[in-house]
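Working notes, structure below.
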Amino acid sequence: MANGHGGRRAGAGRKPGSANRKTRELADQAATDGLTPLEYMLGVVRDPDVEPERRDRMAIAAATYIPRETLCGRGQGRQPGRSEK
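Sequential numbering of the sequence shown, starting at 18, is according to this note's numbering.
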């Protein structure tokens, strides 16, 4: 803009990775319960009263905390991305 108002400015806006209100509330609740993020997510996955879509999202998120070798049976059996012969 000609007058210097509006538009993109260096350093403006929310910083990447900053917590929003919802994630901050979840983190605070987990901290007061003394849970790690993985324990919290697994608790949601195991709770039969939670809606299935949320349980699915938590299972996907929790999988990132588990080593690939554990998920694939320590190298035994079929691994993602490999063809069977």
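Built from N, CA and C at the ideal position, the CB exists for glycine as well.
Predicted model, so just to flag it, every value in this text is computed and none were measured.
Alpha-carbon spacing of residue i relative to residue j, whole angstroms
{"i": "Q46", "j": "Y57", "result": "9 Å"}
{"i": "K39", "j": "R74", "result": "15 Å"}
{"i": "D50", "j": "A76", "result": "20 Å"}
{"i": "E68", "j": "L59", "result": "14 Å"}
{"i": "G105", "j": "P65", "result": "No statement about residue 105 is possible, as the shown extent of the chain runs from 18 to 102 and does not include it."}
{"i": "L52", "j": "A27", "result": "37 Å"}
Residue i vs residue j beta-carbon contact at 7 Å
{"i": "A79", "j": "L43", "result": "no"}
{"i": "V62", "j": "R72", "result": "yes"}
Residue i, enclosing alpha helix (DSSP H) - first and last residue
{"i": "R26", "result": "Neither: R26 is in no alpha helix (DSSP H) and is coded neither H nor E."}
{"i": "K32", "result": "Per DSSP, K32 belongs to no alpha helix (DSSP H) and is neither H nor E."}
Closer than 7 Å to chain E by CB, residue i
{"i": "I83", "result": "Looking for chain E here will not work: only one protein chain is present."}
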